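As structure tokens, the structure follows; a few thoughts come after it.
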Amino acid sequence: MRHIPGTITLLFLLLTGIPGPLSGQHYEFRQYGIEEGVCHPFVYSVNQDKNGFIWLGTGEGLCKFDGFGFTGDFTTDSLPTAFVKKIFRDQYGNLWFGHNDGSITMYDGKQFRIIPTEEKITSTINDIIEDPRGFILFATQNQGIIKVDSNLSTTLVVESFRRKLLSSLCFTEQGDLLVGASDGLHLYEFDPFQDTAIVITKIDEIPYTMVNSIIKRNNGAVYIVGTQDEGIYTLEFFDNSEYEITKLETGSYLKYTTVMDVMEDHQNHIWLSTQGEGIFKIDLSADSKTITKLRNYNEQNGLESMFIREVFEDIEGNIWIGTYGDGLAALFDEAFVFYDFEEEVGSDIYSVLADDDVFWIGGDNRIMEIRQDPEDKKIVLGPSAGIPRDKIISLYRDRQGWLWIGTSQSGLYRMNLSTKRISRYHTSENSLENVINAIDGYDNIIWVGTNNGVIQINIQTGEKTFFTTTDGLPHNKISDVFVDSRGTAWIATRANGLYSVNSNDEYTITGNFILEFIAITEDDNGILWAATDNNGVFKFDPDADTVPFFSTYNGLKSGSCYSILNDRRGNIWVGHRLGLSKINVETNRILTYGIEEGISGDCYHNAADVTDDALILIGTTSGLITYASEEERKNLTPPFVNITSVRISDRDYDFSKPIILPYGIYKLRIDFIGLNFRSPERVTYQYRLEGYDEWSEMTNIPFAQYSRIEDGDYTFLLRACNSEGICNETPVEFSLKVKLPVWKTWWFITMSVLIVVFTVFIIIKVRERKQKQFQEILQRKLDERTREVVMQKEEIEIKNKDITDSINYAQRIQASILPPISKLHETFPGSFVFYQPRDIVSGDFYWYESFKNNKFIIVCADSTGHGVPGAFMSMIGTTMIKDICQRDYIESPARLLTTLDHEIMSALNQNIEAERSNDGMDIIVCEIDLKTRFLRVASAMRPMIIYQNGEQIYIRGSRNSVGGQYEVEEKEFESQEFQLSSGDRLYMFSDGYPDQFGGPLGRKFKMVRLKNMLRDIHDKPMDEQYNYIKNNFELWKEDLEQVDDVLFMGIEL
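Residue numbers for the sequence shown, in numbering that gives the first Met the number 0: 0 to 1052.
Structure, rendered in structure tokens:
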């Protein structure tokens, strides 16, 4: 293997951005060999079909790759021979396979077709191209050119190519044919209709050698020619049929190396496949005459094979490499480059610093200076130069030309960058203070974070100021010190937010919890971002109401963060164990990088920095990682979505056309794949079975299952998204129809409807006839019943009239027993009686009589019940009261009530064993001395209201009624005495007035409202009071039914 000379190294360094001839440089190639499923280690050709699958032509057949595995069982059923030398895709997406024995196969995405030739072809096919007019041309090694037309008919064009070994073909802009052969490059006028090829010229500027590859550049009429041992050339045609040949100067490289294949990618980089020197990637000048950049991929920097047959770029921009003997390799991204500095500073890179054109790398006991100036080499400084025998875990360069060096146990050092002299600057007897976790600065002040607080150093005066928890720090272990764009120094420590050392600013998180803040950075908008040990990343935006945070739930690779960095391209990078996360500041979208991208080590604490041109440096347990954003191939191509199988009730079906099934209940499983080779495991899917369900949630499971599919029309829709959220706009679909059962077909439904209609018609007619007969029977019975009802009605009306007449007569009897109102007026001109029975007769009654010795007795009573029963009680009560009042021993109203109680009990309970009676009455008895106006009152259950000198006196009755309660052996009734005067007023009433429902809410009148009413009217003339009480009762009752008999008496002395 040849080594890269200095001139090539310079070009290489310009591309990578890494200064000096760095050893241990490594690119991440993904290797696929026999163990990964490649059917043969010799891969001669690579291509991609219209469905997105990668196809390999090998020495033992075809391999198809879907990102997860290889399929290689095509030879027996599909191919004429196993050896596939060349694969070509035409403008319609068909794949053409040229075999080693001269046979041809075509694959249209669904099936293979072997193309028969008119003549026996036995020579290997070296190249395949498409004519501008749609013909497919095959370059055989020594039997000329095979032409295949649109009808798949073949013609052998051999006359002009006798005794020539053909290797490559390419059409020019003018429609002429460039032919690469064993004796150099030739230009032919090719007529596919006449099947002739006429030599125009031989390109003599290209030496007599095998021309293995010819391609036309993407951006002009320039062609790249790769030869067997004479390097590479550019060929440019002009309008006057002249051309210009330029050999690309590569120094000693490619001078005698066989270039097997030339490919130009979509970014206009030229890729050269060689025998023995791996792959070259070159950039050309605008006129395509000079190499401006060159990079060689070989065994030293990650490519496992030096013998390359072909390089292919897929639709995503991935580079696929077919090798001789080592299978397939793929290069998905060149942004990440990995460096192993085991010999210089060790494999553990604890700290990095990007300082203008110099990189500083900190390891065990040593630091390394790497300059981007290629004239300088790496400088390693160790213990002999003054570096302590300790881990170098933090680096900082101030404005005065000092490099500050923080160690894990030995304190703070600094180095004069001009003299490289290293000296100890600060150590302490407190071992915690000798742990220098972070250094940052602004102007002439630097801040040092230790395990015992923060040290502020004025580099002009040398003054040191110490800050610990006694000075207000939330914790002494400082994981990071970060000085923002405004000069404010922030600390990352165990706290509930970020705190400033040199200002009163702070950003806290709401909630009673403590986080382990590890590192801090600032985005281009001046917003601080902080990484934590187990809780992800927090964004401290002073204009936001809340503190947004990012965790594994949002897509972060891990909640444990070791470093954080702004890449100056609108992204925040976070270091983790075995990976990185990149957060887009504007969209908050997160991309992760890990083992798949080649990251094999854990990021070290705060070992991250970025250059002015956005080259990121990250220190890990496995060396240094650099990331160049301009080298990144963004994954902007949506996945190729393919349905791979449709299985219905454990049977596979052809889904290329609509599937129609007889009626039944089926199980359905659809397997699919979204082809995205860069991150196949991060492809997510969303699907829907129209007619059955709605769109599913995004999932990474590559199949859908339905346990019960019944009759109906269904369309399965499928879409997929890659790791960056780019999704295919038009869903992939297939149709499925399960036929209706017989009972759901139109003719069966129509017949059934007709049968039902006819049956209903017959039933209706039969029912109508029976109904008519039944109606006649009913009518006869109704007439008979009507006559009976009429007779009964007449009989009831007669009885009702008799009863009503009897009750009316009883009313007259009751009215005759009650004393006339005029008799009360004779004694008390200012008096009234509001008497309103609920029914014709009443259970309420009143009685009054004048006696000797100027005594006047007034009774207001409410008998049990109303109507006829109440009237009986009122007549019994009236009769008994008259009789009792004639007796001499009745000296008080209380005695009257007691006697009345005994006689009612005796009169109504003669036959206790037969049936007990609880009938009785509530009653008030007043005895008024007409001469002295002395009042004695006894009451059973009824209150009385007296207005004496304008003041209301409320008299409660006893708790016992007269009669009724048989169980009570002895009842007590008390007389109350009042000395009244002229103008005083007495009011007695039954419960019918306060118990009446009415008013706007339909409630009882109640005693409180009655007392308030009397308070309002007691000073008015008695006749006005009577009218008010009567009218108020009607207004209160409105349209409601009267609930009880009403008796209301008013007397003015």
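The beta carbon of each residue, even a glycine, is placed where N, CA and C say it ideally should be. Note that the structure is a prediction, hence the values are computed from the model and not measured.
Beta-carbon contacts of residue i that lie in its chain and below 8 Å, excluding the five residues immediately before and after
i    : result
T468 : G452, H474 and N475
A913 : With a pLDDT of 47 at A913, under the threshold of 50, the modelled position of this residue cannot be trusted; read the value that follows with caution. Contacts found: none.
N910 : Bear in mind that a pLDDT of 48 at N910, under 50, signals an unreliable position, so the model cannot answer this.
I477 : N436, A437, G448, T449, N450, G452, V453, I490, A491 and T492
Span of the alpha helix (DSSP H) around residue i
i     : result
W1035 : M1021 to K1036
D1055 : Given a span of 0 to 1052 for the chain in the structure shown, any question on residue 1055 remains unanswerable.
R894  : P892 to L907
L823  : I820 to T826
Status (buried if at least 16 other CB within 10 Å, exposed otherwise) for residue i
i     : result
Y992  : buried
V936  : buried
F1047 : buried
I1028 : buried
N211  : buried
P942  : buried
W745  : exposed
I763  : exposed
M790  : exposed
I1050 : buried
W742  : exposed
P892  : buried
Residue(s) in a DSSP beta bridge with residue i
i    : result
C62  : L55
S974 : A937
Y349 : Y349 is not bridged to any residue.
N457 : I444
M943 : I954 and M987
Y626 : F335 and I615
I124 : T139
W572 : L564 and K581
Contacts around residue i, its chain only, beta-carbon distance under 6 Å, and the 5 residues preceding and following it disregarded
i    : result
M697 : T683 and Q685
H185 : V178 and K201
E303 : Q30 and D325
Y834 : L1046
Supposed close pair residue i, residue j - CB separation, criterion 8 Å
i    : j    : result
N364 : I386 : 6 Å
I290 : I223 : At roughly 12 Å, the Cβ-Cβ gap does not stay under 8 Å, so I290 and I223 are not in contact.
N300 : Q24  : 5 Å
I517 : L564 : Incorrect: roughly 12 Å between the Cβ atoms, too far for contact.
E172 : F236 : 7 Å
Run of the beta strand (DSSP E) containing residue i, from where it starts to where it stops
i     : result
I812  : First-last for I812: W745 to I816, but that is the alpha helix (DSSP H), not the beta strand (DSSP E).
L1013 : Counting along the chain, L1013 falls outside any beta strand (DSSP E), though it belongs to the alpha helix (DSSP H) covering K1005 to I1016.
H865  : Note, H865: premise wrong, no beta strand (DSSP E); not H, not E.
I954  : E950 to I954
S240  : S240 -> no beta strand (DSSP E), and no H or E assigned at all.
C720  : G711 to C720
W282  : The sequence given here has Asp at residue 282, not Trp. That run of the beta strand (DSSP E) goes I278 to L283.
G321  : I318 to T322
Q408  : Unbroken run through Q408: none, as it is neither H nor E.
E848  : D843 to F850
V924  : G919 to D928
R588  : Run containing R588: none; DSSP gives neither H nor E here.
A491  : A488 to A491
G673  : Y665 to L674
K736  : V731 to V737
Own chain partners of residue i with C-beta closer than 7 Å, once the 5 adjacent residues on each side are dropped
i     : result
G962  : D900, I903, M904, L907, D918, G919 and M920
Y506  : G496, L497, L527 and F539
D1043 : R837, H865, D990, G991 and D994
M1006 : P993
S149  : G133
E775  : none
T121  : D100 and G101
H1017 : Y946 and R984
Y424  : L411, Y412 and R413
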